Amino acid sequence: MAPADLPYLKTNPSVIFFTDFDGTITLEDSNDYLTDNLGFGQTKRRKLNINVLEKKTSFRDAFWQMLGSVKTPFSECVETLCKVMKLDPHFVEFYEWAKANNVPIVVLSSGMIPIIRALLEKLLGHKPDHIVIIANDVESRDGKHINTPGGWQIKYHDDSHFGHDKSLEIKPYAQLPHDERPTLLYAGDGVSDLSAAAETDLLFAKKGNDLVTFCEREGMPFTTFEDWSSILATSKDILSGKVSVKKVAQEGLEKEQKDEA
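Throughout the sequence shown, residue numbering follows the numbering used here, covering 745 to 1005 in sequence.
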């Protein structure tokens, strides 16, 4: 039986899949969409993202500014996102495979739980019974109701400079003796995934995004993906023992360096 503080071991899986949500499971980032369309816009948001990458400001402070610029009532934000957000076309197939093969899916997000839950339910067509969501929340701003103009703000998951340090959820599993722990996989696309990137056995980094830039700069092994079809294929090979995570990561880094040469 799994310890109470290690719930993802409950079914004795050989692989646990941790993943970002926005821009990874979805095609667009819902928080970026809110900031760009209902807040202070893309130009200012992008500048803040670059400041985070260059370590000039913390992700926590930058993200607070972005979402703080959105004054639309929270319920209207959720309604708008449910109309415009789309799932990666191959994620449903991955979800069904993971459910059938005892691969827990854990969403680690810098977004807000009510938005993620609403989007997954809308996009999957049912309540996601095989996904655990660990994320930030939403709360009243200045005593107002969250569904009034300027009435909500993000409620951070922890006190870290990320607002939600995703690595904290993974570390207890990463620190298990090697012969006792499952293979840990992670998929992400952006600056909020930096803390989790070093904690897993294999990182799937979305091609052309900030996470790839970070991994290259830090010399961190990774493999890129464009959609969940390649994640599914690689995960199947890892689960079956056809390939090792080390080999996939090394080949991914070499391929990216070759593509840039």
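C-beta atoms are modelled at their ideal positions from N, C-alpha and C, and glycine is treated no differently. Computed from a prediction, not measured in an experiment: that's the story for all the values here.
query: For G996, three-class secondary structure by DSSP; result: helix
query: Cα-Cα separation between G855 and L863, rounded to whole angstroms; result: 12 Å
query: Separation of K1002 from P848, as counted between CA atoms; result: 34 Å
query: At least 3 beta-carbon pairs within less than 8 Å: the stretch 882-891 vs the stretch 802-822; result: yes
query: Residues bridged to T967 [DSSP beta-bridge criterion]; result: F948
query: Host beta strand (DSSP E) of F762 (start-end); result: V759 to T763
query: Of the listed residues R885, G934, T770 and K866, nearest to D832 (C-alpha basis); result: T770
query: For H922 and G869, the rounded distance between their alpha carbons; result: 38 Å
query: Between the CA atoms of A941 and Q919 - distance to the nearest angstrom; result: 15 Å
query: Reduced DSSP category for K754 - H, G, I as helix; E, B as strand; rest coil; result: coil
query: Contacts around Y930, its chain only, beta-carbon distance under 6 Å, and the 5 residues preceding and following it disregarded; result: F762, A940, T944 and L947
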